[in-house]
Every structure is written in C-alpha cells, then in structure tokens.
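Chains as they are written, first to last, in the numbering used here: chain A, 11 to 346; chain B, 11 to 346.
What follows is a short report on a single structure.
There are 2 protein chains.
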Amino acid sequence: MPIINHQFRLAARPSGMPKDSDWNFTEEPVRELGTGEILIRIELISIDPAMRGWMNEGKSYIVPVGLGDVMRAGAVGRVITSNHAQFAVGDHVLGMLGVQEYAVSDGKGLTRIDPCVAPLPVYLGALGMPGMTAYFGLLDICKPQPGETVVVSGAAGAVGTVVGQIARIKDCRVVGIAGGADKCDYLRKDLGFDAVIDYKSQDVKAALKECCPNGIDIFFDNVGGDILDAALSRLALHARVVICGAVSQYNNAGPMKGPSNYMSLLVNRASMTGMVVFDYASRYRDAARELAGWMAAGRLRSHEHIVTGLAKFPEALLMLFRGENTGKLVLKVAED
Amino acid sequence: MPIINHQFRLAARPSGMPKDSDWNFTEEPVRELGTGEILIRIELISIDPAMRGWMNEGKSYIVPVGLGDVMRAGAVGRVITSNHAQFAVGDHVLGMLGVQEYAVSDGKGLTRIDPCVAPLPVYLGALGMPGMTAYFGLLDICKPQPGETVVVSGAAGAVGTVVGQIARIKDCRVVGIAGGADKCDYLRKDLGFDAVIDYKSQDVKAALKECCPNGIDIFFDNVGGDILDAALSRLALHARVVICGAVSQYNNAGPMKGPSNYMSLLVNRASMTGMVVFDYASRYRDAARELAGWMAAGRLRSHEHIVTGLAKFPEALLMLFRGENTGKLVLKVAED
C-alpha cells in the first residue's frame with residue numbers, strides 16, 4: 011500500500027501578504043525509491059522570512075519556487091527506507107526537504123544530525139541556518155570588538171536572538187529592537203541584552219539615541235524600513251551595517267522603502283554589506299562546533315516557537331510576518 | 011594704507027538651491043600680521059559639491075560654516091607678506107582659505123605647491139582633493155581588478171573624470187554616466203572611457219544593462235538618487251559601491267531619496283561604503299606622486315573649467331549643481 015504524501019505547493023505569486031489562495035494543499039503517493047535513494051519522513055519544518063522572497067519572480071540569490079512546485083523549506087526528518095550506503099533507517103537528517111510529509115532524496119545536500127547532541131528543533135535554530143547567519147554575519151562581516159555597541163533588529167527572532175547572545179559573548183554592549191513587551195522582557199531578562207527597544211511603543215530613533223550614547227558600531231539588520239533609517243541616523247564612526255534581511259518590506263505590494271539616511275555611511279565612513287548564509291557552507295561545521303560549545307557552557311540559548319500540524323503552514327508563515335513568534339518558528343508536521 | 015579684502019559670507023542657511031540672499035558680499039581691511047603669520051593673496055578657489063553640505067546645520071563629517079562666517083573653500087594663493095620661517099614671499103600655497111581675496115594664516119594645514127610641476131589649477135583638480143578622492147575611493151575602498159567593470163556617476167565632474175582614468179590605468183572596463191552629449195563625447199573621445207551613458211537622453215537602467223552585460227563590479231557614486239538605484243539593480247556578485255557624494259540630492263528641500271534597490275547588496279553579497287577624503291591626509295603626498303607620474307606619462311589628464319571674478323561665486327556654485335561644468339570647476343579671483 012503506497013504511503014500518501016501531503017504537500018503545500020505554490021499556486022500563485024502573492025502580491026503583498028500571502029493569501030490562502032496562493033497555496034495548493036495536495037496529496038500524492040510517494041514514488042518507489044531508486045538505487046541510492048532514501049525516503050525521509052519529515053518531522054520539523056523551518057518557517058523563514060526568506061520564504062517570502064522565494065515566492066517572487068525575478069533574479070535573486072536563489073531561483074524562485076516554480077508555480078505548482080512544493081514550497082521550498084529547510085526541514086528535519088528521519089530516514090524510514092534507505093537504498094543509500096551512507097544513510098541508515100532511523101538516521102535524522104537536515105536539508106531543503108520542502109513543505110510536505112515525506113521526501114525522496116539521493117542524499118545530496120543532506121546533513122546527518124544527532125538528537126543526543128541537541129534537541130531536533132535546535133538544528134533549525136541556533137545550530138541551523140539562523141545560527142549560521144548570526145555567526146557569520148556578526149563575526150565575519152562586522153568583526154565586533156570588546157566594548158562596541160551592537161544593535162540588532164528583529165532581535166527576538168531566530169537570527170536576532172543568536173546575534174545578541176554572540177555579541178554578548180564577544181563582550182559587546184547589545185541593544186535589541188523588538189515588538190512588544192513580552193519579547194523585550196525575554197531579551198533583557200532571559201538572554202541578558204543590555205537594553206531593548208520596543209518599536210511598537212517607543213520612538214526608535216529617540217530610544218537609540220538614549221541607548222547608544224556613543225553611537226552604533228554594528229547594526230545587524232533583519233527588518234529594513236524605518237528601523238534601518240533610524241539606526242543609520244545613529245551610526246558611530248567606522249560603523250558596520252550588515253543587511254541580513256528586510257522583513258518589514260517583504261510583503262509590500264509597492265516598491266521597497268530605501269534608507270533615506272544612507273549618506274550617514276559617508277559622514278561616518280561606514281559600510282553596509284549584504285550577506286547570504288549559503289556562501290559560508292564550507293565553514294558551517296566549524297561554526298556549529300563553536301555554537302554548540304557555547305550552548306553546552308550555558309552561554310547561548312536556542313529558543314523555538316513550535317506550531318503543530320502541516321495544515322497550519324500558511325498560518326505559521328503569516329505569524330512570522332505579523333511578528334507573533336519569539337525565537338525560531340518551527341512547524342511540527344504531526345502530533346507525537 | 012590697509013589692503014581691502016572682499017569676501018562671501020554665509021547670510022542664511024538655504025532650503026533647496028542656494029539663493030543670492032543666502033550670501034553677504036562684504037569688505038574689510040586685512041588685519042596686521044602677528045608673529046608666525048603670513049598673508050596670502052588668493053588666486054584660485056575650488057568650487058565643490060560638498061560646499062552645499064557645509065551650509066547646512068547639523069552633525070556631519072565637518073562642522074557647518076557658521077552664519078556670518080566667510081564661506082569655507084579650498085583655494086590656491088601666493089604668499090605676499092611673511093612672518094613665518096617656512097613660507098617665503100612668492101610661495102604658492104594650497105589650503106582651506108575661504109571664498110575671499112586675502113587670507114591670514116599661521117601656516118597650519120597649508121601645503122606649498124610648485125607651479126613648475128603642474129599648472130596651479132591642477133592642484134585643485136587631479137592633484138588636489140578631487141584627485142585624492144578618486145584615488146583613495148577607487149583604489150583603497152574598491153580594489154579594482156583587471157577586467158572588472160567600473161561605473162562612475164558624475165563622470166564628467168572633477169572626481170569622476172579622474173576615477174574613470176585611474177580605472178582605465180588599472181585595466182578595468184569603464185562606463186561613465188554624465189549629462190549631455192558634449193560631456194559624453196569628451197569622456198569617450200578625450201579620456202578613453204569604454205562606454206558612456208547620457209542620463210539626460212537615455213534610460214540609465216536599460217543603458218547599464220546594455221553596457222554592463224556581466225553586471226557592475228564597482229560603482230563609484232557621486233550623485234545618488236535614481237542613478238544610484240539604477241546601478242544597484244545591475245550589481246555583479248561581490249560588487250563594491252563607494253558613496254562619495256549625492257549631488258542630485260543636496261538641494262532637496264525635502265528628505266533624501268534612499269536607494270530602494272539596496273537589497274541588491276544582499277542578493278549580490280555586495281558592500282556600500284562611505285568615504286571622506288580627509289581621512290587619507292597622511293597619504294596625500296604618495297598619491298600625488300603617483301597621480302603626477304601618470305600625468306607626466308600622458309595617461310591622466312586634469313581638466314579645469316575656469317570662471318573668472320570673485321563676484322561670480324554664487325553663480326559658479328549654481329553652475330555646479332546645474333551640471334554646467336566639465337572637469338574641475340575653479341573660480342579665478344581676478345583677471346590676469
């Protein structure tokens with residue numbers, strides 16, 4: 011009896027926020043495995059801001075998801091059938107497995123992960139792409155020095171929480187920008203951020219002036235828009251800005267808002283650099299080792315926000331854009 | 011009998027384009043020299059886009075010109091009286107002498123220049139601040155490699171003409187963006203640019219696509235606005251953008267236009283860096299030696315556009331913002 015696979019496929023390219031009608035929820039039998047292939051039952055699906063960009067047409071750092079294709083997603087699953095010498099039944103793997111219940115793979119691009127080293131959701135959080143993004147974006151591009159002031163936007167998100175904690179480990183002063191009192195409390199009390207700005211209730215520009223009396227040395231931007239502009243207005247001399255994302259702008263039906271304070275780069279001899287984490291793939295293993303070491307030492311926490319049920323995928327993606335998650339948003343495919 | 015000095019003083023902070031009423035044309039006797047002071051008769055005054063920024067209030071890379079103060083300007087003059095051991099009567103000097111006929115100085119910040127090495131106006135052009143800006147902005151920040159495509163905006167201006175010529179010397183393909191057929195002809199025929207885009211008659215985005223089939227490796231921006239956005243949309247992987255100025259935006263009464271295509275920095279793992287030439291002061295001498303060498307070898311030309319008469323200063327500044335100059339705009343204080 012064939013196994014039935016359920017999937018979310020891209021039905022239409024959204025304008026603005028994705029709507030239910032932009033998705034097709036489909037089912038089909040899992041095909042027979044060929045030589046060298048494995049069948050994976052997907053357990054956890056990563057919900058990422060970048061997904062919104064993958065749904066758009068046009069040149070980007072990765073080809074768009076095709077209309078009718080299974081939505082691209084990072085995911086963790088378990089091998090349930092194997093015709094592959096390097097993957098055994100029961101192995102846990104991480105890869106771009108898509109928004110579905112089962113995936114057939116030839117093993118390319120898959121990483122074996124060990125649930126004894128860290129709980130599985132952490133492989134989508136601090137030890138996964140968000141952790142890698144934080145690690146390379148902060149350490150490689152911005153080169154933080156002890157005593158510098160690091161500001162991170164989207165601070166309560168999957169990347170932001172890790173950026174702030176690594177900056178603390180590197181003896182920087184860390185200021186997070188997040189939306190809502192609960193997130194701000196979490197960052198200050200649980201993660202040890204030095205200061206937090208609630209963009210929903212505070213004037214970000216004025217708050218940055220107060221929190222960063224000597225200016226911003228490093229700005230790690232996940233959100234773009236007015237918050238990027240506010241941060242640019244407070245740069246210190248030789249500041250480094252890393253552009254990791256612009257989640258405030260992804261669902262604009264019109265054009266992006268460009269940073270009108272970009273001339274602050276000139277005034278402050280500062281730089282603004284874009285990053286895509288995939289470029290660092292050859293160094294993921296070393297980064298994961300260091301991140302895992304910090305976690306083992308109690309200096310770095312991974313926090314995941316778990317939503318259960320594959321059918322909740324469209325809603326989970328909207329939660330992300332409404333800022334309803336704290337930490338890494340993960341879709342758990344099935345009840346235990 | 012005291013010498014009478016005429017001066018342009020800032021009367022009001024302009025909104026938008028400077029108006030005649032923003033200036034006071036004043037006269038006063040030159041004061042007696044103290045010990046260690048020299049009196050300089052100013053011959054040539056540098057007209058720079060940056061002047062517009064110096065007229066605004068607010069934090070920048072240099073303090074604003076105070077209301078009532080003589081307008082700040084780089085200038086070349088001749089020492090006519092000296093109480094200073096290191097400056098003799100007849101010496102030519104370069105420094106921030108202001109928009110006036112005479113300056114008293116203690117010698118600080120002055121450079122002695124030799125009219126036998128290069129004609130005096132060249133010390134305000136390719137061997138002066140514009141040359142230094144082009145040299146350090148291109149070579150230090152962008153690190154051009156042979157075969158790379160370098161695009162420069164404001165290409166027919168004092169900085170742009172030198173940027174393009176240095177890029178050619180470094181075996182890059184050079185594309186200039188300038189306004190009007192005469193300037194474009196000059197860049198292509200006289201300075202050897204590989205391609206030129208006339209932003210007044212061409213669609214810059216489409217023309218960049220045609221002129222830069224493999225994308226833009228280096229964009230040296232003097233103008234900002236829509237041209238910056240067009241260039242961002244054509245970046246190659248690992249492109250470097252240097253923000254040297256934004257002359258299209260300096261006279262906005264409203265806010266600056268931010269580059270709405272800035273996420274191209276992420277897609278292309280590119281960087282955008284601001285520069286202020288003063289930071290390189292300790293290396294001016296070495297740069298001038300190399301630039302003078304290229305000039306002597308016929309590989310680099312300095313072109314100056316000379317307007318005569320101190321009283322023409324307000325008009326000369328407007329010529330700059332209307333793009334009526336080719337090469338370095340210089341105000342010659344008096345007829346020969």
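No residue lacks a Cβ here, since even glycine has one placed at the ideal position from N, Cα and C.
For residue i, collect the residues of the same chain with a Cβ closer than 7 Å to its Cβ; drop the 5 residues on either side in sequence, then sort them by chain order.
i, result
"alanine 113 of chain B", "Ile50, Ile52, Gly87, Leu107"
"lysine 322 of chain A", "Leu341"
"leucine 301 of chain B", "Ala136, Leu137, Gly141, Tyr145, Leu310"
"threonine 121 of chain B", "Val103, Leu104, Gly105"
"tryptophan 64 of chain A", "Ile72, Pro74, Val75, Arg82"
"threonine 143 of chain A", "Val169, Cys254, Val287"
"leucine 290 of chain B", "A small correction: the amino acid at residue 290 of chain B is tyrosine; leucine does not occupy that position in the sequence shown. For tyrosine 290 of chain B, where only same-chain residues beyond five positions count, the Cβ hits under 7 Å are Met142, Phe146."
Let me confirm a value: residue i is counted as buried when at least 16 other C-beta atoms fall within 10 Å, else exposed. Which label applies?
i, result
"histidine 248 of chain A", "exposed"
"arginine 41 of chain B", "exposed"
"glycine 105 of chain B", "buried"
"glutamine 175 of chain B", "buried"
"glycine 268 of chain B", "buried"
"valine 73 of chain A", "exposed"
"aspartate 213 of chain B", "exposed"
"aspartate 231 of chain A", "buried"
"arginine 250 of chain A", "buried"
"serine 25 of chain B", "exposed"
"valine 201 of chain B", "Before going on, a small fix: residue 201 of chain B reads as leucine here, not valine. Leucine 201 of chain B should be labelled buried."
"asparagine 66 of chain B", "exposed"
"serine 211 of chain A", "exposed"
"aspartate 296 of chain B", "exposed"
"histidine 115 of chain A", "Checking the displayed sequence, the identity of residue 115 of chain A turns out to be serine instead of histidine. Classification for serine 115 of chain A: buried."
"aspartate 32 of chain B", "buried"
"proline 154 of chain A", "buried"
"serine 312 of chain A", "buried"
"arginine 183 of chain B", "buried"
"aspartate 101 of chain A", "buried"
Who are the near neighbours of residue i in its chain, counting only those whose CB is closer than 8 Å to its CB and skipping five residues on each side?
i, result
"glutamate 37 of chain B", "Ile14, Asn15, His16, Gln17"
"asparagine 224 of chain A", "Thr159, Ala246"
"aspartate 30 of chain B", "Pro324"
"alanine 298 of chain B", "Leu137, Gly141, Met142"
"lysine 219 of chain B", "Arg244"
"proline 39 of chain A", "Pro12, Ile13, Ile14, Asn15"
Show which residues of chain B have a CB atom less than 8 Å away from the CB atom of residue i.
i, result
"methionine 81 of chain A", "Neighbours of methionine 81 of chain A on chain B: none; closest Cβ ~20 Å, over 8 Å."
"serine 70 of chain A", "Val277"
Roughly how far, in whole angstroms, is the beta-carbon of residue i from the beta-carbon of residue j, given that I think they are within contact range, below 8 Å?
i, j, result
"methionine 81 of chain A", "valine 109 of chain A", "4 Å"
"serine 258 of chain A", "valine 233 of chain A", "5 Å"
"serine 281 of chain B", "aspartate 239 of chain B", "Contact doesn't hold; Cβ gap of about 17 Å is too wide."
"glycine 68 of chain A", "leucine 20 of chain A", "That belief does not hold up - the Cβ atoms of glycine 68 of chain A and leucine 20 of chain A are roughly 15 Å apart, past 8 Å."
"leucine 54 of chain B", "proline 131 of chain B", "6 Å"
"valine 161 of chain A", "alanine 241 of chain A", "6 Å"
Would you mind stating whether residue i and residue j have Cβ atoms separated by less than 9 Å?
i, j, result
"leucine 339 of chain A", "leucine 320 of chain A", "no"
"valine 343 of chain A", "methionine 329 of chain A", "no"
"serine 163 of chain A", "valine 277 of chain B", "no"
"proline 156 of chain A", "lysine 118 of chain A", "no"
"isoleucine 228 of chain A", "cysteine 126 of chain A", "no"
"serine 92 of chain B", "isoleucine 123 of chain B", "no"
"isoleucine 57 of chain A", "alanine 326 of chain A", "yes"
"glycine 333 of chain A", "glycine 235 of chain A", "no"
"glycine 349 of chain B", "glycine 167 of chain B", "Because residue 349 of chain B is not part of the residues shown, which for chain B are 11 to 346, the question remains open."
"methionine 273 of chain A", "methionine 266 of chain B", "yes"
"methionine 139 of chain B", "phenylalanine 331 of chain B", "no"
"alanine 263 of chain B", "phenylalanine 203 of chain B", "no"
Please compile the residues from chain B whose C-beta is within a distance smaller than 7 Å of the C-beta of residue i.
i, result
"proline 265 of chain A", "Ser270"
"asparagine 278 of chain A", "Gly284"
Taking residue i as the query, report the chain A residues whose CB atoms sit under 8 Å from its CB, ordered along the chain.
i, result
"aspartate 58 of chain B", "Ordered by position in chain A, no residue passes the 8 Å Cβ test against aspartate 58 of chain B, which lies about 14 Å from the chain."
"isoleucine 253 of chain B", "Tyr272, Met273, Leu275, Leu276"
So residue i contacts chain B; which residues on that side make the cut at Cβ distance below 9 Å?
i, result
"alanine 256 of chain A", "Tyr272, Met273, Leu276"
Spatial neighbours of residue i within its chain, please: CB distance less than 6 Å, with the 5 preceding and 5 following residues excluded, ordered by chain position.
i, result
"tyrosine 260 of chain A", "Arg62"
"valine 206 of chain A", "Gly186, Cys194, Leu197, Arg198"
"aspartate 208 of chain B", "Cys194"
"cysteine 221 of chain B", "Val185, Ala205"
"asparagine 34 of chain A", "Arg19, Ala21"
"threonine 283 of chain B", "Ile151, Val252"
"glutamate 314 of chain B", "Pro131, Gly135, Gly337, Lys338, Val340"
Could you tell me which chain A residues have their CB closer than 9 Å to the CB of residue i, listed as they occur along the chain?
i, result
"aspartate 289 of chain B", "Arg279"
Taking 8 Å as the cut-off, is the beta-carbon of residue i closer than that to any non-hydrogen atom of the ligand NAP?
i, result
"glutamate 345 of chain B", "Absent from the structure shown: the ligand NAP. Ligands present: none."
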